[in-house]
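Counting the sequence shown from 1 gives a position; the working numbering is that position plus 8. Idealized CB from N, CA, C, for every residue including glycine. All values derive from a computational prediction rather than experimental measurement.
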Amino acid sequence: MLNLSSDIDSLSNFKRNTPEFLRQLKETGHPVVLTINGKAELVVQDTASYQKLIELAERAERMDALKASIEDMKAGNVIPADDVLAEMRRILDGKQGR
9 MLNLSSDIDS LSNFKRNTPE FLRQLKETGH PVVLTINGKA ELVVQDTASY QKLIELAERA
69 ERMDALKASI EDMKAGNVIP ADDVLAEMRR ILDGKQGR
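So this is what it looks like as structure tokens:
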């Protein structure tokens with residue numbers, strides 16, 4: 009979680025105090041928002057926190073796909089697997105019979 013009192017700083021300060029920022033990033037796991045001319049421009053974070061963020065985003069994408077699949081199922085927009093497999097067998101049998 010971003011802490012507004014300690015996780016926003018200038019790029020100039022980050023350059024001057026990089027070792028201290030690296031220690032902070034690793035200890036807290038919080039990203040740091042870097043500003044240029046008072047405007048937020050960059051976000052810096054340690055690799056472990058970034059990996060967690062990527063994993064959470066991937067999990068959210070899978071959940072969205074699952075929710076969409078469930079809605080399709082509830083709406084009757086699906087074909088039972090047995091029907092699909094039977095149709096595939098008919099197609100394959102027809103191609104082998106040529």
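Checking contacts by CB at 8 Å: is E95 closer than that to chain D? In the displayed structure, chain D is absent; only one protein chain is listed.
Going by C-alpha to C-alpha distance, which of V40, E63, L64 and G102 sits closest to L12? V40
Backbone CA spacing between N25 and V86 [nearest angstrom]: 58 Å
What residue ranges within the region 28-94 form continuous beta strand (DSSP E) runs of no fewer than 3 residues, ordered along the chain? Qualifying beta strand (DSSP E) stretches, in chain order: 40-44 and 47-52.
Please state whether the Cβ-Cβ distance between E35 and T43 is less than 8 Å. no
Mark L64 as exposed unless 16 or more other C-beta atoms lie within 10 angstroms of its C-beta, in which case mark it buried. Around the beta carbon of L64, a 10 Å sphere encloses fewer than 16 other beta carbons of the protein chains shown; the residue is thus reported as exposed.
Endpoints, beta strand (DSSP E) assigned at S20: Run containing S20: none in the beta strand (DSSP E); it sits in the alpha helix (DSSP H), L19 to R24.
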